[in-house]
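Engineer: Encoded as C-alpha cells, here's the structure I'll be asking about.
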Amino acid sequence: MQKDNVFFKFRKNTWLKLTQSKTTMPNPIHTALTCFGMSGSVFHAPLLTADKHFVLSKIVERNSEKSKQKYPNVAVVKSFEEILKDESIELVVVNTPNELHFEQAIAVLEAGKHLVLEKPATNFSWEVQKLIELAKSKNLIFSVFQNRRWDSDFKTVKKIIENQLLGNLVTFESSYNRFRNFIATNTWKEEKGAGSGLVYNLGSHLIDQSLVLFGIPQSVTATIGTQRQNGKIDDFFDIILDYGARQQGVQVRLASSYLVREPSPRFALHGDIGSFIKYGLDPQEEALQQGFLPHSPQWGAEERRFWGKLNTEMGGLHYEGQVASLAGSYPDFYENIYQAIREGKEVEVKPEQAYNTIKIIELAYQSNLERKTIDINI
Numbered sequence: 352m353q354k355d356n357v358f359f360k361f362r363k364n365t366w367l368k369l370t371q372s373k374t375t376m377p378n379p380i381h382t383a384l385t386c387f388g389m390s391g392s393v394f395h396a397p398l399l400t401a402d403k404h405f406v407l408s409k410i411v412e413r414n415s416e417k418s419k420q421k422y423p424n425v426a427v428v429k430s431f432e433e434i435l436k437d438e439s440i441e442l443v444v445v446n447t448p449n450e451l452h453f454e455q456a457i458a459v460l461e462a463g464k465h466l467v468l469e470k471p472a473t474n475f476s477w478e479v480q481k482l483i484e485l486a487k488s489k490n491l492i493f494s495v496f497q498n499r500r501w502d503s504d505f506k507t508v509k510k511i512i513e514n515q516l517l518g519n520l521v522t523f524e525s526s527y528n529r530f531r532n533f534i535a536t537n538t539w540k541e542e543k544g545a546g547s548g549l550v551y552n553l554g555s556h557l558i559d560q561s562l563v564l565f566g567i568p569q570s571v572t573a574t575i576g577t578q579r580q581n582g583k584i585d586d587f588f589d590i591i592l593d594y595g596a597r598q599q600g601v602q603v604r605l606a607s608s609y610l611v612r613e614p615s616p617r618f619a620l621h622g623d624i625g626s627f628i629k630y631g632l633d634p635q636e637e638a639l640q641q642g643f644l645p646h647s648p649q650w651g652a653e654e655r656r657f658w659g660k661l662n663t664e665m666g667g668l669h670y671e672g673q674v675a676s677l678a679g680s681y682p683d684f685y686e687n688i689y690q691a692i693r694e695g696k697e698v699e700v701k702p703e704q705a706y707n708t709i710k711i712i713e714l715a716y717q718s719n720l721e722r723k724t725i726d727i728n729i
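Using the working numbering, you'd call the opening residue of the sequence shown number 352 and step up by one each time.
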C-alpha cells in the first residue's frame, strides 16, 4: 500500500487525539463489544469510535486490558454478563469465536438489546432462523457484519454489472487467497470444529457478495479440503453456484486457498461483449490495522495500479483500459445500523440473507461429502 499519498499522511499517534475529539450527536447509541480480538480491534472498535452516532461504552476482555491503550475512556469488563446487565447499552456486537455466537446472540436479544453478529452469523442455518424469530418478536434490530459489501472492488464490480458494461454476464469468478503455509498456534480458527475453516471464514464473504449480486442460485457444486501438512481445518475451497435460468445462465465460481503465493485476480467477469479483471484487495483493512481512522482524507481509495481492466464495447466503440475503483466505505455499515435503530430504516445486511449464506455453506459441505451437485431450495 502506497504510504506517500494523502490518505497515509495521518500518523498513528494522531489516533487518540482524533478519537477523543469526536463530536457525539445527541442520543447516541451506547454499544458494547464482546471481544477485543482481531475483529474487535481492527474493525468494530475503530468504526464505532469514529462514528458520531455511537458511544463505545464497554469491551469484554477477560485476561487483559489491551483496549485501554487506544480507548482509555471505554470501560473494560471481565464478563459477558456485565454487558447484559447494563441497561444503558442498547447495541451489542457479538464478535467472539463462532462457537459462542448463537448462545450469546440469544442472550443479547433476550436482554432486550439490538444485535450485530460478526460473520458468518452462526454455525447452522436453524440457529439464524431462531435468532430472526426472536428479534422480530422483541422488535429488535439484528444484522451481520458483512463488511466486504463495502469493499472498493466489490462496489465497482456491482456498478459494472448494474450498468451492463459486459453485456450478458456468463461467468463471475471471485477469489480470496492468502499465503499462509504454516499452522497458526493459539487460535480457534485452526482447530477442527463447527464453524472453523476457510468456508466459514472467507467463504461467507464471497457467498454473501454473490447473493447480493445474483440472488439464490439453482445449485451448488463444491470441493473443500485441507492442503497444508498437519492442517486440521479446510484451508481451500472451490465452489460453483449455478444460476441456470434464474440469472440467464450465469455461473459463479468462488475460490480460496491458504497456499497461493502469486496473486491471482480478485474478480474475473466475462460477458458476451466484454470482460473485467481486477487484482488487489480493498485497502481499508490494512489501513485500520495500521491505526488510520475512517473518514480520513481519501478513505478507502485504491491506488491506481490496482484499478481493474475493462475490455468491452460501448456505444458502438471498443474500449480497453482501467476503471477507477469506487472508494471503499466500511463506515456505511454502522451508519445503516444507526438509521435502523433510530430512524426505522431497513438494515442493509438482513438476517434472512445471513440465513441464506449459512444454508449454502451447509449445502456446499454436503456437495463435497457426497461428491455431487446439490439443488438449492431456499
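Beta carbons: idealized from backbone N, C-alpha and C, even for Gly. Since we're looking at a predicted model, the values are computed, not measured.
Could you have a look at Asp502 and say whether DSSP puts it in helix, strand or coil?
Structural biologist: In this structure, Asp502 counts as coil in the three-state DSSP scheme.
Engineer: Using the C-alpha atoms, what's the distance from Pro702 back to Lys487?
Structural biologist: The straight-line gap from Cα to Cα measures roughly 11 Å.
Engineer: Work out the CA separation of Thr382 and Thr400 for me, nearest whole Å.
Structural biologist: Going from the Cα of Thr400 to the Cα of Thr382 covers about 10 Å.
Engineer: Quick one: Cα of Phe420 to Cα of Tyr716, how far?
Structural biologist: A quick correction: the sequence has Gln, not Phe, at residue 420. Distance between the alpha carbons of Gln420 and Tyr716 is about 41 Å.
Engineer: Give every residue of the same chain whose Cβ lies closer than 8 Å to the Cβ of Ser430, excluding the five residues on either side of it in the sequence, and list them in chain order.
Structural biologist: Counting only Cβ-Cβ distances below 8 Å, and skipping sequence neighbours, we find Val411 and Arg413.
Engineer: Just checking my contact of Lys710 with Ile729 at CB under 8 Å: how many whole Å lie between their CB atoms?
Structural biologist: Yes, they are in contact, since the Cβ atoms of Lys710 and Ile729 sit about 6 Å apart, within 8 Å.
Engineer: Do you know offhand how far Cys386's Cα is from Ser525's?
Structural biologist: So the two alpha carbons sit approximately 30 Å from each other.
Engineer: Taking just the CA atoms, how far does Glu450 sit from Leu482?
Structural biologist: Distance between the alpha carbons of Leu482 and Glu450 is about 15 Å.
Engineer: So for Asn356, helix, strand or coil by DSSP?
Structural biologist: Unreliable positioning characterises Asn356 in this predicted model, as indicated by a pLDDT of 43, which lies under 50. The coordinate reading is nonetheless provided below. Of the three classes helix, strand and coil, the one that applies to Asn356 here is coil, per DSSP.
Engineer: Just how far apart, CA to CA, sit Lys670 and Glu664?
Structural biologist: Looking at the sequence shown, residue 670 is not Lys but Tyr. Roughly 6 Å separates the two Cα atoms.
Engineer: By the DSSP assignment, the alpha helix (DSSP H) with Val425 in it spans what residues?
Structural biologist: Taken as a continuous stretch (DSSP letters only), Val425 belongs to no alpha helix (DSSP H), as it is neither H nor E.
Engineer: Leaving out the 5 sequence neighbours to the left and right, which residues in its chain are closer than 7 Å to Asn719 when beta-carbon positions are compared?
Structural biologist: Closer than 7 Å at the Cβ level, and outside the excluded window around Asn719, lie Ala573, Thr574 and Ile575.
Engineer: Excluding the 5 residues flanking Trp366 on each side, which residues of the same chain have their C-beta closer than 7 Å to its C-beta?
Structural biologist: Bear in mind that a pLDDT of 43 at Trp366, under 50, signals an unreliable position, so the number given afterwards is only what the model happens to contain. Hits under 7 Å: Lys421, Gly642 and Leu644.
Engineer: Which first and last residues belong to the beta strand (DSSP E) in which Ile692 is found?
Structural biologist: Careful: Ile692 lies outside any beta strand (DSSP E), inside the alpha helix (DSSP H) at Pro682 to Glu694.
Engineer: By the DSSP assignment, the beta strand (DSSP E) with Thr400 in it spans what residues?
Structural biologist: Run containing Thr400: none in the beta strand (DSSP E); it sits in the alpha helix (DSSP H), Ala396 to Ala401.
Engineer: Going by DSSP, what residues sit across from Tyr670 in a beta bridge?
Structural biologist: Paired residue(s): Thr663.
Engineer: What does the Cβ neighbour count give for Arg656, buried or exposed, with the cut at 16 atoms within 10 Å?
Structural biologist: Label assigned to Arg656: exposed.
Engineer: Within its chain, find whatever has a CB closer than 6 Å to the CB of Phe361; leave out the 5 residues flanking it on each side and keep chain order.
Structural biologist: Because the pLDDT of Phe361 is 40, which lies under 50, any placement of that residue in the model is unreliable, and the question is left without a value.
Engineer: Please check the pair Thr712 and Ile558, which I expect to be a contact at CB under 8 Å, by giving their CB distance rounded to whole angstroms.
Structural biologist: For clarity, residue 712 is Ile in the given sequence; the question names Thr instead. 7 Å between Cβ atoms; contact.
Engineer: Mind checking who Ala619 pairs with in its DSSP beta bridge?
Structural biologist: According to DSSP, which records beta bridges pairwise, Ala619 is partnered with Glu524 and Ile628.
Engineer: Bridge partners for Ile590 per DSSP, in chain order?
Structural biologist: BP columns for Ile590 point to Ala573 and Leu605.
Engineer: What span of residues does the alpha helix (DSSP H) with Val467 cover, start to end?
Structural biologist: Where Val467 is concerned, there is no enclosing alpha helix (DSSP H), although the beta strand (DSSP E) it sits in stretches over His465 to Glu469.
Engineer: Taking its Cβ as the centre, do 16 or more other Cβ atoms sit within 10 Å of Ser615, making it buried, or is it exposed?
Structural biologist: So Ser615 counts as exposed.
Engineer: Alpha carbon to alpha carbon, what distance is there between Arg500 and Gly679?
Structural biologist: Spanning the two alpha carbons is a distance of roughly 9 Å.
Engineer: How far does the beta strand (DSSP E) with Leu384 in it extend, from its first residue to its last?
Structural biologist: It spans Ile380 to Leu384 - the beta strand (DSSP E) in which Leu384 sits, taken as one unbroken run.
Engineer: How about Phe523 and Leu553: do their beta carbons lie closer than 9 Å?
Structural biologist: No. Outside cutoff.
Engineer: Excluding five sequence neighbours on each side, which residues of the same chain lie with their C-beta closer than 7 Å to the C-beta of Pro682?
Structural biologist: Excluding residues within five positions, the ones whose Cβ falls inside 7 Å are Leu398, Ala401, Asp402, Pro645 and His646.
Engineer: In its own chain, which residues sit with a C-beta less than 7 Å from the C-beta of Leu714, not counting the 5 before and 5 after it?
Structural biologist: Counting only Cβ-Cβ distances below 7 Å, and skipping sequence neighbours, we find Val571, Ile725 and Ile727.
Engineer: What is the rounded straight-line gap between the Cα of Leu460 and the Cα of Phe475?
Structural biologist: Cα to Cα, Leu460 sits roughly 18 Å from Phe475.
Engineer: Determine which residues share a DSSP beta bridge with Asp726 and list them.
Structural biologist: Asp726 pairs with Ser570.
Engineer: Taking Ala462 and Leu435 to be in contact with their CB atoms under 8 Å, please state how far apart those CB atoms are, rounded to whole angstroms.
Structural biologist: Yes, Ala462 and Leu435 are in contact; Cβ-Cβ is about 4 Å, under 8 Å.
Engineer: What whole-angstrom Cβ distance do Ser608 and Asn528 have, given they're in contact under 8 Å?
Structural biologist: Rounded, the Cβ-Cβ distance is 5 Å, consistent with contact.
Engineer: Look at the alpha carbon of Asp437 and the alpha carbon of Ala426, and state the distance between them as a whole number of angstroms.
Structural biologist: Their backbone Cα atoms lie some 12 Å apart in a straight line.
Engineer: Since Leu482 is in the beta strand (DSSP E), which residue starts that stretch and which ends it?
Structural biologist: Taken as a continuous stretch (DSSP letters only), Leu482 belongs to no beta strand (DSSP E), being part of the alpha helix (DSSP H) at Ser476 to Ser488.
Engineer: Can you have a look at Tyr494 and say buried or exposed, based on whether 16 or more other CB atoms are within 10 angstroms of its CB?
Structural biologist: Reading off the sequence, residue 494 comes out as Ser, not Tyr. Its Cβ being crowded by 16 or more others within 10 Å, Ser494 is buried.
Engineer: To the nearest angstrom, report how far apart Lys629 and Leu677 are at their CA atoms.
Structural biologist: Spanning the two alpha carbons is a distance of roughly 13 Å.
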